[in-house]
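Here the structure comes first, spelled out in structure tokens, and everything after it is commentary.
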Amino acid sequence: MPPEPLEYRNDLLFFSGISIQELAERFGTPLYVYSESSICRSIDLYRKGAGKRLHRICFAVKALSNISILRLMARESCGADIVSGGELFRAMKAGIEPSQIVFSGVGKSAGEIREALEADILLFSVESEEELGLISRIASERNKIARISLRMNPDVDANTHPYISTGLRENKFGIDRGSLLNIYKKILSMPGLDAAGIGFHIGSQLTGLSPFQDAASILSQTARLAREMGINLRYIDVGGGLGISYNGDPVPGPDEYARQVCKSLDFPDIEIIFEPGRSLVGNAGILISRVLFVKDTPEKKFYICDAAMNDLIRPSLYQAYHGIWPEKKSQNTVRADLVGPVCETGDFLAQDRMMGSFSSGDLLAVASAGAYGSVMSSNYNSRPRAAEVMVGSERAVLIRKREDYNDLIRGEEI
Ligand SMILES: Cc1ncc(COP(=O)(O)O)c(C=O)c1O
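The structure is reproduced here in structure tokens:
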């Protein structure tokens with residue numbers, strides 16, 4: 002069974018009520034398609050889990066930054082978790098209020114800090130003492146007060162791919178948990194700073210809740226001591242990181258996750274900030290591709306399709322699994338590699354996998370491609386980036402047009 006909102010109707014593949022064939026004919030391939038109702042359902046699950054607890058959802062823009070998606074987040078009263086000036090620009094263009102924006106990331110430039118201060122964002126999530134000093138300097142020069150939250154590195158193993166684990170002592174992220182209280186103490190005498198929060202983000206694609214609970218309990222101890230020291234904490238930022246099911250294995254839903262996190266943080270007067278990315282948009286997006294050639298070699302069968310690692314790099318970068326679903330339900334399965342046209346052996350969408358049998362011209366959907374898909378796409382091999390479409394109320398709307406060859410050379414000089 003493909004993951005919702007994919008489904009077979011009379012053996013033909015549909016996404017959010019529209020046939021894959023119709024989408025491919027109208028918009029071409031490769032094509033990213035997102036389901037508005039699926040995104041809204043996941044937001045509702047977060048809210049349901051948090052219940053009456055004071056909370057807000059700041060969507061992690063890095064997961065899917067198309068401004069129509071961000072506009073949808075604004076309509077659903079979500080804020081944004083940003084990691085660059087570019088993401089601040091996008092979020093504000095989409096109508097997300099600055100008072101709903103948290104600025105994360107280990108390397109904020111002075112220019113980016115200035116922009117965010119001018120916009121009067123909700124919080125800077127600070128990851129080092131040097132960064133703190135810079136924010137203090139810039140804020141006091143401008144007679145402003147920057148609300149900051151210290152990001153703790155709780156040294157908790159998130160049991161995820163090493164490239165997306167962020168809460169271990171050896172990772173570049175966050176501030177060592179042993180130094181946090183000292184830094185809060187220093188902040189009390191630093192100009193331009195309001196230590197309003199504390200937080201963590203321990204990694205991405207976490208499929209169990211215990212690392213979050215461990216991190217929450219470590220954070221709670223520090224938060225209590227910081228309050229005793231006179232720090233006026235109003236926010237606990239629990240980051241993002243909740244995983245999704247790529248292969249059908251069960252994972253906790255946003256409702257269960259949010260309920261547990263709220264339960265682990267016994268501070269009823271402090272607002273909890275959730276920063277979900279993948280769990281809001283991952284399964285709400287697919288990548289549609291067309292098979293160009295079938296190539297049988299003495300060793301293997303290759304299906305060569307028109308989507309490649311430049312469109313979706315997760316399989317090559319993280320050995321990530323994405324379900325591959327043929328447009329016409331196929332009873333036959335064969336072992337094959339699904340690869341793209343890019344000149345790299347590492348260019349594959351699925352490797353050595355049982356999948357439906359395809360002929361050239363057939364369409365397929367790569368499932369669970371909404372998060373860290375189009376945002377990580379590139380023009381490698383001078384391939385124009387794919388178009389993006391949003392389906393809402395069974396109507397498909399283009400939200401990013403396909404690039405053409407002129408887009409490839411924009412900004413270059415002859
Ligand atoms: C600080 C921060 N918050 C939230 C997220 C979103 O994570 P996810 O997409 O796993 O929910 C990330 C992702 O890396 C992050 O770095």
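Positions 2 to 415 (this note's numbering) are the ones given, in order, by the sequence shown.
Just so you know, even glycine gets a beta-carbon here, dropped at the ideal spot from N, CA and C.
Where residue i falls, given that 16 or more other Cβ within 10 Å makes a residue buried
i	result
residue 398	exposed
residue 233	exposed
residue 312	buried
residue 82	buried
residue 249	exposed
residue 67	buried
residue 109	buried
residue 194	buried
residue 111	exposed
residue 414	exposed
residue 173	exposed
residue 154	buried
residue 346	exposed
residue 132	buried
residue 255	buried
residue 220	buried
residue 271	buried
residue 379	exposed
residue 122	buried
Distance between beta carbons of residue j and residue i, contact taken as under 8 Å
i	j	result
residue 238	residue 200	3 Å
residue 349	residue 47	Residue 349 to residue 47, Cβ: 33 Å. No contact.
residue 31	residue 284	Incorrect: roughly 19 Å between the Cβ atoms, too far for contact.
residue 230	residue 264	At roughly 26 Å, the Cβ-Cβ gap does not stay under 8 Å, so residue 230 and residue 264 are not in contact.
residue 150	residue 124	5 Å
residue 137	residue 74	Not confirmed; about 31 Å, so no contact.
residue 128	residue 107	5 Å
residue 247	residue 323	6 Å
6 Å CB neighbourhood of residue i in its chain, flanking five on each side removed
i	result
residue 359	292 and 304
residue 161	204, 206 and 207
residue 25	289 and 364
residue 17	6, 36 and 392
residue 157	168, 203, 212, 215 and 216
residue 79	58 and 60
residue 170	156
residue 382	343
residue 188	194 and 196
residue 241	61, 276, 277 and 278
residue 333	358
Distance CB(residue i)-CB(residue j) smaller than 9 Å
i	j	result
residue 279	residue 61	yes
residue 368	residue 7	yes
residue 88	residue 391	no
residue 384	residue 29	no
residue 236	residue 176	no
residue 182	residue 217	no
residue 21	residue 13	yes
residue 130	residue 70	no
residue 287	residue 372	no
residue 394	residue 295	no
residue 302	residue 336	yes
residue 309	residue 341	yes
residue 33	residue 374	yes
Bounding residues of the alpha helix (DSSP H) (the contiguous stretch that carries residue i)
i	result
residue 328	No alpha helix (DSSP H) holds residue 328; DSSP gives it neither H nor E.
residue 367	Segment 364-367 is the beta strand (DSSP E) holding residue 367; no alpha helix (DSSP H) there.
residue 1	Residue 1 lies beyond the stretch modelled for the chain, which goes from 2 to 415, so this question has no answer here.
residue 70	68-76
residue 86	86-94
residue 48	37-51
residue 280	279-282
residue 185	181-188
residue 263	255-265
residue 309	Looking at the DSSP string, residue 309 is not in any alpha helix (DSSP H), and its letter there is neither H nor E.
Cβ shell of residue i (< 8 Å), same chain only, five flanking positions each side left out
i	result
residue 325	339, 350, 351, 354, 356, 357, 365, 366, 367 and 368
residue 376	63, 64, 65 and 66
residue 15	7, 8, 9 and 21
residue 228	234
residue 86	110, 112, 113, 116 and 117
Extent of the continuous beta strand (DSSP E) run through residue i
i	result
residue 80	80-83
residue 352	349-357
residue 195	194-200
residue 10	7-10
residue 14	13-16
residue 304	302-306
residue 126	124-127
Same chain, Cβ closer than 7 Å to residue i, neighbours up to 5 away in sequence not counted
i	result
residue 44	58, 77, 79 and 281
residue 210	253, 258 and 261
residue 139	111, 114, 115 and 118
residue 41	77
residue 91	62, 66, 68 and 71
Min CB distance residue i to chain B below 9 Å
i	result
residue 358	Going by chain labels, chain B is absent from the structure shown, which holds only one protein chain.
Below 7 Å from a heavy atom of ligand 3 - residues by beta-carbon: No copy of ligand 3 appears in this structure; the ligands present are ligand 1.
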